[in-house]
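Q:
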Amino acid sequence: MNRFEYADAATVEEAIQLTVKGSAVKAGGVDLLDLMKERLATPARLVNIRNIKGLDEIRIDGDGLTIGPLVTLAQIAAHEGIKQKFTAVAQAAGKAATPQIRNMATAGGNLLQRPRCWYFRNELTHCRKKGGEKCFAQEGENQYHAIFNNELCAIVHPSALATPLIAMVATVELTGAKNEKRSVRLEEFLILPSEDLHRENALREGEILTAIKVPNLAAGARSYYIKQGEKESYDWPIAEMAAVVETEGTGESATCKSLSLVLGAAAPVPHRAKETEAKLKGQPLTRDNLLAAADAELATAKPLAQNAYKIPLFRNLIARTILAAAKNETTQAGEAQ
Amino acid sequence: MANPTTDLSGAKSPEPQKKPVPEAATPNNTGVKEKGGEREAYPFGIVGAKLETVERNVGKDEPPAWGTNEKLAVVGKPTPRVDGRAKVTGAAKYTADVKLPGMLYARMITSSEPHATIKSIDTSVAEKARGVKAVHLLVKDGEKVRFVGQPIGAIAAATQADADDAARLVKIKYDTMDFVTSVDRAREPEAPLIYKENVQQKGSAGGGGAASGVEQKGNVRGPSKDVRGDVEKGLKEADAVIEAKYSTQVQTHCPLETHGLVVDYKPGEVTVYASTQGTGSVRNEIAEVFGLKQSQVRVITEYMGGGFGAKFGAQPWGVLAAHLSKKAKAPVRLMIDRREEHLAAGNRPSSNQQVKIGAKKDGTLTAIQFINYGTGGVGGGAGATGPARGMYKCDNVLTEDYDVFINAGPAAAFRAPGHPQGVFSLEQAIDELAEKLNMDPLALRDKIDAHDARREERRIGADKINWSARKPANSDAGPVKRGVGVAQALWFRGHDRNSQCDVRISKDGSVEVLSAVQDIGGGIRTALAQCVAEELGLKASDVITKIGDTHYPPGASSGGSMTTNSMTPVARNAAFHAKEKLLEQVAPALNAKAEEIAFADGKVFVKSDPNRSLSFKAACAKLNSDAITGHANRGEDYDAAVGGGRRRGSGGAGGVQFVQVAVDTETGKIKVEKVVAVHDCGRPINPLTLESQINGGVIQGISYALYENRILDRQTGIQVNANLEQYKILGTMDCPEIETVILEQYWGKSSSDAGPIGEPATIPTSAAIANAVYNAIGVRIREIPMTPAVVLKALADQKKVAST
Chain G
1 MNRFEYADAA TVEEAIQLTV KGSAVKAGGV DLLDLMKERL ATPARLVNIR
51 NIKGLDEIRI DGDGLTIGPL VTLAQIAAHE GIKQKFTAVA QAAGKAATPQ
101 IRNMATAGGN LLQRPRCWYF RNELTHCRKK GGEKCFAQEG ENQYHAIFNN
151 ELCAIVHPSA LATPLIAMVA TVELTGAKNE KRSVRLEEFL ILPSEDLHRE
201 NALREGEILT AIKVPNLAAG ARSYYIKQGE KESYDWPIAE MAAVVETEGT
251 GESATCKSLS LVLGAAAPVP HRAKETEAKL KGQPLTRDNL LAAADAELAT
301 AKPLAQNAYK IPLFRNLIAR TILAAAKNET TQAGEAQ
Chain U
1001 MANPTTDLSG AKSPEPQKKP VPEAATPNNT GVKEKGGERE AYPFGIVGAK
1051 LETVERNVGK DEPPAWGTNE KLAVVGKPTP RVDGRAKVTG AAKYTADVKL
1101 PGMLYARMIT SSEPHATIKS IDTSVAEKAR GVKAVHLLVK DGEKVRFVGQ
1151 PIGAIAAATQ ADADDAARLV KIKYDTMDFV TSVDRAREPE APLIYKENVQ
1201 QKGSAGGGGA ASGVEQKGNV RGPSKDVRGD VEKGLKEADA VIEAKYSTQV
1251 QTHCPLETHG LVVDYKPGEV TVYASTQGTG SVRNEIAEVF GLKQSQVRVI
1301 TEYMGGGFGA KFGAQPWGVL AAHLSKKAKA PVRLMIDRRE EHLAAGNRPS
1351 SNQQVKIGAK KDGTLTAIQF INYGTGGVGG GAGATGPARG MYKCDNVLTE
1401 DYDVFINAGP AAAFRAPGHP QGVFSLEQAI DELAEKLNMD PLALRDKIDA
1451 HDARREERRI GADKINWSAR KPANSDAGPV KRGVGVAQAL WFRGHDRNSQ
1501 CDVRISKDGS VEVLSAVQDI GGGIRTALAQ CVAEELGLKA SDVITKIGDT
1551 HYPPGASSGG SMTTNSMTPV ARNAAFHAKE KLLEQVAPAL NAKAEEIAFA
1601 DGKVFVKSDP NRSLSFKAAC AKLNSDAITG HANRGEDYDA AVGGGRRRGS
1651 GGAGGVQFVQ VAVDTETGKI KVEKVVAVHD CGRPINPLTL ESQINGGVIQ
1701 GISYALYENR ILDRQTGIQV NANLEQYKIL GTMDCPEIET VILEQYWGKS
1751 SSDAGPIGEP ATIPTSAAIA NAVYNAIGVR IREIPMTPAV VLKALADQKK
1801 VAST
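Chains G and U, in that order, are what the protein sequence lines are. At position 296 of the first sequence (counting the first as 1) the number is 296 in the numbering used here, and the numbers step up by one without a gap. At position 647 of the second sequence (counting the first as 1) the number is 1647 in the numbering used here, and the numbers step up by one without a gap.
(1) Mind checking if residue 1032 (chain U) is an interface residue toward chain G, Cβ cutoff 9 angstroms exclusive?
(2) Could you work out which residues of chain G lie near residue 1161 (chain U), taking near to mean beta carbons separated by less than 9 angstroms?
(3) Taking only beta-carbon atoms, is residue 235 (chain G) less than 9 angstroms away from chain U?
(4) Along the region 139-158 of chain G, what residues have a CB closer than 7 angstroms to any CB found in chain U?
(5) Please name the residues in the region 112-131 of chain G whose beta-carbon is closer than 8 angstroms to at least one beta-carbon of chain U, in chain order.
(6) Is there a Cβ of chain U sitting closer than 9 angstroms to that of residue 317 (chain G), yes or no?
(7) Closest to residue 1039 (chain U) by C-alpha separation, out of U:1054, U:1046, U:1058, would be which residue?
(8) If I measure Cβ to Cβ from residue 1113 (chain U) and keep anything under 7 angstroms in the same chain, skipping five residues before and after, which residues do I get?
(9) Is residue 320 (chain G) close to chain U, meaning its C-beta is less than 9 angstroms from at least one C-beta of that chain?
(10) Taking the alpha carbon of residue 1047 (chain U) as the reference point, which residue from U:1681, U:1763, U:1722, U:1725 has its own alpha carbon closest?
(11) Which chain U residues sit within Cβ distance under 8 angstroms of residue 136 (chain G)?
(12) Report the start-end ranges of each beta strand (DSSP E) in the region 219-268 of chain G that is 3 residues or longer and not cut off at the edges.
(13) For the region 1437-1468 of chain U, list the alpha helix (DSSP H) runs that are entirely contained and at least 4 residues long, ordered along the chain.
(14) Using C-beta distances below 6 angstroms, list every residue in its chain close to residue 280 (chain G), excluding the 5 sequence neighbours before and after it, in chain order.
(15) Counting only beta-carbon atoms, is residue 1502 (chain U) nearer than 9 angstroms to chain B?
(16) Would you list, in sequence order, the uninterrupted beta strand (DSSP E) runs of no fewer than 3 residues that lie entirely inside the region 1027-1084 of chain U?
(17) In its own chain, which residues sit with a C-beta less than 8 angstroms from the C-beta of residue 1507 (chain U), not counting the 5 before and 5 after it?
(18) Could you list which residues in chain U have their beta carbon closer than 8 angstroms to that of residue 228 (chain G), in chain order?
(19) Considering only C-alpha positions, which residue in the set G:81, G:5, G:71, G:83 is nearest to residue 47 (chain G)?
(20) Here's a check: name, in chain order, each residue in its chain whose Cβ is nearer than 6 angstroms to the Cβ of residue 1799 (chain U), leaving out the five neighbours to either side.
(21) Name, please, each residue of chain U whose Cβ falls closer than 7 angstroms to the Cβ of residue 80 (chain G).
(22) Residue 277 (chain G) lies in the alpha helix (DSSP H); which residues open and close that run?
(23) DSSP three-state label for residue 1602 (chain U), please.
(24) From U:1132, U:1123, U:1128, pick the residue whose C-alpha is nearest to that of residue 1139 (chain U); which is it?
(25) Closest by CA to residue 1212 (chain U), which one among U:1206, U:1162, U:1523, U:1199?
(26) Considering only the beta carbon of each residue, do residue 1411 (chain U) and residue 1382 (chain U) sit closer than 9 angstroms?
(27) Which residue marks the beginning of the alpha helix (DSSP H) containing residue 1577 (chain U), and which one marks its end?
(28) Check whether the Cβ atoms of residue 1448 (chain U) and residue 1363 (chain U) lie closer than 9 angstroms to each other.
(29) Give the secondary structure of residue 1617 (chain U) by DSSP, where H, G and I count as helix, E and B as strand, and everything else as coil.
(30) Buried or exposed, going by whether 16 or more other CB atoms sit within 10 Å of the CB of residue 3 (chain G)?
(31) Quick check on residue 100 (chain G) - is its C-beta less than 9 angstroms from some C-beta in chain U?
(32) Quick test of the definition: if touching needs 3 or more C-beta pairs under 8 angstroms, does the region 1461-1479 of chain U touch the region 1530-1549 of chain U?
(33) Any beta carbon from chain U within less than 9 angstroms of residue 313 (chain G)'s own beta carbon?
(34) How about residue 1592 (chain U) and residue 1606 (chain U): are their beta carbons less than 9 angstroms apart?
(35) Candidates U:1671, U:1345, U:1653, U:1268: which alpha carbon is nearest residue 1493 (chain U)'s?
(36) Run through chain G and tell me which residues come within less than 9 angstroms of residue 1375 (chain U), C-beta to C-beta.
Here it is, written out as structure tokens:
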């Protein structure tokens, strides 16, 4: 690990002043420490924002949900208001990583962490994302890589929170010099390799993420999140997704009034399943309709040599997630069976 | 084991001289045997099933026979680890905790290329880097490196960070060559050649190594062949034949504590703190490499954090640390990191097994044929056909094992070398055969398995898992299907002749047991204390255990599941001899002869008149010197033919595991819900640590079946998951309910009559899971790890077959 300065910021303003070129902002420090040990990040200065007051609060009011960037995943997972009104967000936070990491990792850090691609993380493989010539995943070991938008760089976005947040049309508040603030929809804030190969988001130099805002869901809309790992302890998803569903009618005759469906571990950014959303609108939520709608989106996927298994996996999980949201389930489908 | 592929069929008839005698003939365990009595009567058989008594010819120095555990006070009773408190409070010091005055920290220099000739190694910048005190290289210019992560040298510096930084400043120029990362590619005639010369690799005390005296063509070494009867004839005589291919992946050991040592190289004596399963093996290698006498090297392993077979000898990092310490004239600590642990510190070879089994309608096996190609990277030892030769009765058996070399780190002995692979195929094949014969899998095993213990284990386990309620595949409505499966293991029952103990009784009543044996985690420290306590009428916690130091009498290597069988008779016998010496001085004070006196409940008393007694402490106070010492070393098993240093004892041990799984057919995710593990291990010494070892074996077995997989990048030869994030190991949420049952089985083979457990506990798990998965979804999965990708593909393939 490189030698570095350590600066403690007491306010956002101070943090921005301290964040000179070559600095890294540290909140929970979970991914940053990894990146430094792996020598993927060699900051000359760490600016610690962990102690800034006011950035660690959760608020629910008439405008919706506001999550401070220093709120931990554990706090989100345990928050009664989030569990009731923004269910998928609490589920995603609770399924991420391990209890120890959830106690340290922050909401802001979760959105801004770097990808886990094993070529990106390995010092010996100088991949395209790191300025090299090629994406090693294209011809290499790609079982955990993207099935959508994977031509340039096949990472999957690592943030568990981003999937439900995008499904709920969340925005992030970014604060720059002179306390200038801008608000960007998270779906636009997280960017594809085609936009910038070397970054996963549109954070500008000298900016700090200062809030995550989620508008209230439409009355009657319900959300649900599913993470599918190879293991249940300490594993990244091979597929995850969040759905926000509004239904009309009840029981077998219930139809889909509106659907927002975002797939994780599928693409370099959380992937909105527009085809599925369009196809299900106004349709009864029968298993056949759900699978057909899933197929419509998955027909646009381009799996690599070793990750075609994700197609049937996503197909079945899409049906399961939408149904669970529609039925307002609170435990992960499959768990209690 | 020295040779994991050796025939196990000898285990069928454990006791030719068995002669039942009345149970009452078993002598009292608490006294001193009358001198001259060389024949002793021992319990023989399985408690709760068939228990007899057997007479043995034993030496004059042996203590009297113990009865069954029910008659003992300490042995066989659940006994918390004597070092449990030290371990959980952090007071226990592992190798990585050793801090010596002036100690330097080292980091290895390793190859970044999978296959290359070293053109030059430039350490000049590194040598001038901050804190650097010494550099040592193992590889010279012009020599080859054969895998990414191969140790090339090491640097010692004032801090770990300095050493880490300096190691990165070494500039190595390579002449790169084509490399190969897959078995299939390595077997092609035009494949890059890993070795030009015929490979000679000795195994460690844990097994492994390349079979000697076999041919080597290209990257393929073998076959290591074994023939019994005539397989072709057997297949012709069969009413049913099954033929299938099975494959298993490369698994790395992943001990919680990585390999490493602290070496303090001083003129006159080298002190080595090592994370090892064999203190003597480290001493011997350091002495050999540096031209020292064994007496000049002291190895200390007070506590160690797991090895699973990969921690024998000094190894490259040990040799490097010693060179660096010698050069820097300071102690040097070299703990390898997690990446290096995956790349260079050992692995379980893969297997690709082509299996044919033939049987008569009644189940009688007529032929078994196993052909296996596996890779241990640049190392040999991929043999996996041992179980095919030994588990079941069959007159016609043909097995061939081939080592296939690829550009990857060398295999090392790994918890039952070859057996989890070989049982994964054998036990599925037996189930496939049962289906073909329309027999219940347990009924077929009862027909073809001659071992009494396995039969009893099948009976107990079937009852606990409710086998009779087992349903046909796909009986569950909904996407999640449940199933139950079974598989079994057979393992060697051997001992290491390098097993000695001193038991020292001091005048103040303190009792110590001393041996160089190390505790790999199985709990030998506690087992030794129990045996000494039993002999002296004390509690296990009264006995001070001093182990893991070559200054003490030699101790067994912890390999081949032999530690308890090797060491507990020795501890008991040494205590017995100390007791004899104590009685010489104490008996007169009780006005009795030595043989009239017994030890129990902390007292020394006259058997016929228990009121004539002394407390143990008061008895010790009668000593006319500060202490007396009893010594013992491990002899042959009772009534065994005289053999070599690490001979296999007669008779095997093993176990049967039953598994219940739930398979989500929509996601391909397998959840192991319950495991019933029924095992035998001779006389159970400590049921608590036995249960712990069985739990560990089952957990490692599930992890092998479902998650673990070393993944090499086909483009670069780099292991892409050389960490504990993407190299997946079972975690707490993935752990099922595990019910363990320990059979109490006696052989009358030593004064403790203990047997093996560490290895058999992990052998059958993956096969039992695969059989349970088949029972759940009706699709047979013949490869591991059984990931969602594998299961989804198998389900899709089945649908395709069904629709055509």
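For glycine and all other residues, C-beta sits at the position ideal for the given N, C-alpha and C. Remember, it's a predicted structure, so these values are computed and weren't measured experimentally.
A: Let me lay it out:
(1) Note that residue 1032 (chain U) scores 49 on pLDDT, short of 50, meaning its location in the model is unreliable and no value can be drawn from it.
(2) 1, 3
(3) yes
(4) 139, 140, 141, 143
(5) 116, 118, 119, 122, 124, 125
(6) yes
(7) U:1058
(8) 1145, 1148, 1174, 1176
(9) yes
(10) U:1681
(11) 1713, 1715, 1716
(12) 222-229, 237-248, 255-264
(13) 1441-1448, 1452-1465
(14) 256, 259, 293
(15) Checking the listed chains, one finds no chain B in this structure; the protein chains it contains are G and U.
(16) 1039-1046, 1050-1057
(17) 1620, 1621, 1623, 1625, 1626, 1627
(18) 1667, 1669, 1788
(19) G:5
(20) none
(21) Going along chain U, no residue has its Cβ under 7 angstroms from residue 80 (chain G), so there is no contact; the nearest lies around 24 angstroms.
(22) 274-280
(23) coil
(24) U:1123
(25) U:1199
(26) yes
(27) 1563-1586
(28) yes
(29) helix
(30) exposed
(31) no
(32) no
(33) yes
(34) yes
(35) U:1653
(36) Result: empty, since nearest Cβ-Cβ is about 17 angstroms, beyond 9 angstroms.
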